[in-house]
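Per our numbering, the sequence shown starts with residue 137, numbered consecutively. We put the CB at the ideal spot given by N, CA and C, even for glycine. All remarks here apply to the structure that follows.
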Amino acid sequence: DLINASVSGNTSNDGLARLEWSLEDKPAVIILCLGSNDMLRGIDPIITKANLNEIITRIKEKNIIVLLSGMLAPDSMGQNYKQQFDNIYPELAQKHKLIFMPFFLKDVALQEEYLLDDYMHPNHEGIKVITNNLFPYIKEAINLLLN
137 DLINASVSGN TSNDGLARLE WSLEDKPAVI ILCLGSNDML RGIDPIITKA NLNEIITRIK
197 EKNIIVLLSG MLAPDSMGQN YKQQFDNIYP ELAQKHKLIF MPFFLKDVAL QEEYLLDDYM
257 HPNHEGIKVI TNNLFPYIKE AINLLLN
């Protein structure tokens, strides 16, 4: 079963605030992909990282497998912000020994044919690309469950 607990527009702080509610379903695996809305709002990457770290810590305390899907900031955010933001995900993945998909929008970001008119969110075809890219990481999580 797949439970979609995502909420459009949520920041990492929003995700942290509703984490306990999301855990009530007792998932075996969580795909964590939060932070892009933080970046779009210019939230300090230190805050985003702290929120994600707390979310991961609480999830792991419940012995749930975490698949962390990273995001990347555009160059327009400035080099310092981009570097701090882009480092959040690999650092947390390493710290918590997580299954890690480096970039959720790989092969979709900036590809007009895969995006809605807002040029940010994936369209139906973009979702297919994301799903195909995500599948090997989901398989890895399932293999951990079975072993």
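Taking a cut-off of 8 Å for Cβ pairs, the stretch 225–237 and the stretch 265–276 touch, as three or more such pairs fall below it. In the structure shown, V265 adopts helical secondary structure according to DSSP, grouped into three states. Taking a cut-off of 8 Å on C-beta distances, the stretch 237–249 does not touch the stretch 177–186, as fewer than three cross pairs fall below it. When rounded, the separation of the alpha-carbon atoms in I182 and I224 is 8 Å. The C-alpha of D253 is placed about 33 Å away from the C-alpha of I192.
By the CB criterion at 8 Å, G151 and L170 fall inside the cutoff. When secondary structure is reduced to three states using DSSP, P226 falls in the helix class.
Rounded to whole angstroms, H257 and V265 show a C-alpha spacing of 13 Å. Under the three-state reduction of DSSP, F236 is assigned to strand.
Assigned with DSSP and collapsed to three states, P258 falls in strand.
For N283 and A277, the gap between their C-alpha atoms comes out near 10 Å.
Within the model, the alpha-carbon separation for K198 versus L208 is close to 28 Å. Per the coordinates, the alpha-carbon of K218 lies some 7 Å from the alpha-carbon of D211. Non-local C-beta neighbours of A141 in its own chain, meaning closer than 7 Å and more than five positions away in sequence, comprise S158, ordered along the chain. When secondary structure is reduced to three states using DSSP, I166 falls in the strand class. Taken atom to atom, the span from the alpha-carbon of L203 to that of N187 is near 16 Å.
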